[in-house]
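A.B. asks:
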Amino acid sequence: MRRRSRPAPGRLRRPEGARARARALLAPLALLRHPRVLLVLLALTLYAVGVPVSVGVHHVPTGLALAAVLAQCAALLVALFRARSAVVLGLAGVLLVAGTADPRSGPWPWTVPSLLTFGSLLLVLGCVRRWRVAVWAWALSLLLTTALVTVPDVSAAGPTPDWVESAWTDLVVYGPNSALLLAIGGVVGARRRVREELARSRRDAEQEQARRVVVEERNRIARELHDVVAHSMSVIGVQATTAPYRLPGLPPEVRAEFDDIAAQSRTALAEMRTLLGVLRSSGDGGELAPRAGLDGLEELGEGARRAGSVVHLRVDEPLRRTALPSSVGIVVHRIVQEGLANVVRHATGAAVTVDVLRAGPGIVVEVRNGPAPQGPAPAADAGGHGLVGVRERAALLGGAVEAGPTPDGGFALRVELPWEGAA
987 MRRRSRPAPG
997 RLRRPEGARA
1007 RARALLAPLA
1017 LLRHPRVLLV
1027 LLALTLYAVG
1037 VPVSVGVHHV
1047 PTGLALAAVL
1057 AQCAALLVAL
1067 FRARSAVVLG
1077 LAGVLLVAGT
1087 ADPRSGPWPW
1097 TVPSLLTFGS
1107 LLLVLGCVRR
1117 WRVAVWAWAL
1127 SLLLTTALVT
1137 VPDVSAAGPT
1147 PDWVESAWTD
1157 LVVYGPNSAL
1167 LLAIGGVVGA
1177 RRRVREELAR
1187 SRRDAEQEQA
1197 RRVVVEERNR
1207 IARELHDVVA
1217 HSMSVIGVQA
1227 TTAPYRLPGL
1237 PPEVRAEFDD
1247 IAAQSRTALA
1257 EMRTLLGVLR
1267 SSGDGGELAP
1277 RAGLDGLEEL
1287 GEGARRAGSV
1297 VHLRVDEPLR
1307 RTALPSSVGI
1317 VVHRIVQEGL
1327 ANVVRHATGA
1337 AVTVDVLRAG
1347 PGIVVEVRNG
1357 PAPQGPAPAA
1367 DAGGHGLVGV
1377 RERAALLGGA
1387 VEAGPTPDGG
1397 FALRVELPWE
1407 GAA
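Quick note, our numbering runs 986 ahead of the 1-based positions in the sequence shown.
#1: Which of the three DSSP states, helix, strand or coil, is assigned to His1410?
#2: State yes or no: is the C-beta of Leu1403 within less than 8 Å of the C-beta of Ala1380?
#3: Give a yes or no on whether the C-beta atoms belonging to Ala1293 and Thr1334 are separated by under 8 Å.
#4: Report the rounded CA-to-CA distance for Ala1336 versus Pro1304, giving the unit in angstroms.
#5: Which first and last residues belong to the beta strand (DSSP E) in which Val1296 is found?
#6: Return helix, strand or coil for Thr1339, following the three-state DSSP convention.
#7: Would you call the segment 1084-1093 and the segment 1038-1050 in contact, with 3 or more CB pairs under 8 Å?
#8: With C-beta atoms as the reference, is Leu1280 less than 8 Å away from Val1301?
#9: For Ala1143, is the classification buried or exposed, using 16 other Cβ atoms within 10 angstroms of its Cβ as the cut-off for buried?
#10: From Ala1053 to Gly1079, what distance separates their C-alpha atoms?
#11: Measuring CB to CB, does Leu1056 end up less than 8 Å from Val1110?
#12: Quick check on Ala1013: buried or exposed, where buried means 16 or more other Cβ atoms within 10 Å of its Cβ?
#13: Exposed or buried, what is Ala1290 when buried is set at 16 or more other beta-carbons lying within 10 Å of its beta-carbon?
#14: Could you tell me the boundaries of the alpha helix (DSSP H) in which Arg1400 lies?
#15: Pick helix, strand or coil for Gly1282, following the three-state DSSP scheme.
#16: From Leu1062, Leu1050, Ala1345, Ser1251, pick the residue whose C-alpha is nearest to that of Arg1022; which is it?
#17: According to DSSP, is Arg1344 helix, strand or coil?
#18: According to DSSP, is Val1387 helix, strand or coil?
#19: Taking 8 Å as the CB-CB limit, is Val1083 close to chain C?
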């Protein structure tokens, strides 16, 4: 009889169904991370509390209480879009409650619901970076309610010394507390502004770095192409110069054509060397004359093996025997180089397969690796700086690049390069 295995002590396994139910129960709480949702909940709570307190405690007529508290709570939401309109709406609600409430029924002119609601409005204004409007609203609220206290006949019974003292005490309580909420809102808004500026600066720096990488890679490609084209131009110049001596009896006009070809090739070569001097002025220390063709691929594989990766390199035999154009050979070399470097950086020790194959009217270069033996490594970015050069070089020849993670946790880089000689 087989025994059912038990989990190790201290490691209780929760059924997947229970986890799913727990996630479903906690999902609504995720909405609380959104400030606007919290603000709506705050406005509804203040409205639900403010209306009965205004009617039952401060004896405000029901219709006026509904309208006044609604105006105060709506001002919290309006503050997100129109700060000044929110201040006017909030103060109108406060004054409506103060003007219709019984001053002897409790704190007046700032009832507890009015103080909480307008204080929340000042907090919101500070958080949304309307600091000046918030200060103006705070000062105006003190001015208006102070003027309201000094009116001699605010109720049918008229003011009494005790009531006047209570009203001034209420104003003294409102002033510092509302100022504290205003300061908290200002601090929160300032921190939010700093975070946004830092995020904007970080995005700008990343974009600038990406542009710099593209420019440097294009300069590097231009230097490599110069080395290839300069060799060809030198050969053309030498052949054009020696042709009249190797082919005696040429007509004068033909000799003149060869002389012109030699002169044009020397001029073009001199201009290219001048351009190369400008491109190499940055002195990035990169390889100036990369090894063209497929001969250098085995050396790249050996370098990755020394770094700990298991590399399997496969090159079509017909391609090995083919004299690839230097421009195509350099691109193939750089693609394999970047693919192996990507593996060494992000999946040290992983098995790598490098294929350079002939496929239809072109060449396919594919570098595919499995997951790292020591566990998941940081995923390679399919739009990273290293692959910028691969895309630039492939685009130079009219090729296409595909790069991304594989289902088994590895990464694959596939480049298709058109080449007439592959047909």
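Each residue gets a CB set at the ideal place from its N, CA and C atoms; glycine is no exception.
As the structure is a prediction and not an experimental result, all values here were calculated from the model.
C.D. replies: On the basis of the supplied data:
#1: The question about residue 1410 has no answer here: the residues shown for the chain are numbered 987 through 1409.
#2: yes
#3: yes
#4: 29 Å
#5: Membership of Val1296 in the beta strand (DSSP E) is indicated by the continuous run 1296-1301.
#6: strand
#7: yes
#8: Inclusion of Leu1280 and Val1301 in the CB contact set at 8 Å is warranted, their separation being smaller than that value.
#9: Low confidence applies to Ala1143: its pLDDT is 45, below 50, so where it sits in the model is not reliable, and the reading given next is rough at best. Under this definition Ala1143 is an exposed residue.
#10: Put simply, the backbone Cα of Ala1053 is about 8 Å away from that of Gly1079.
#11: no
#12: At Ala1013, the pLDDT of 48 sits below 50, so the modelled position is not reliable and the matter cannot be decided from this model.
#13: Counting the other Cβ atoms within 10 Å of the Cβ of Ala1290 gives 16 or more, which makes it buried.
#14: Run containing Arg1400: none in the alpha helix (DSSP H); it sits in the beta strand (DSSP E), 1397-1404.
#15: coil
#16: Leu1062
#17: strand
#18: strand
#19: Absent from the structure: chain C. Only one protein chain is present.
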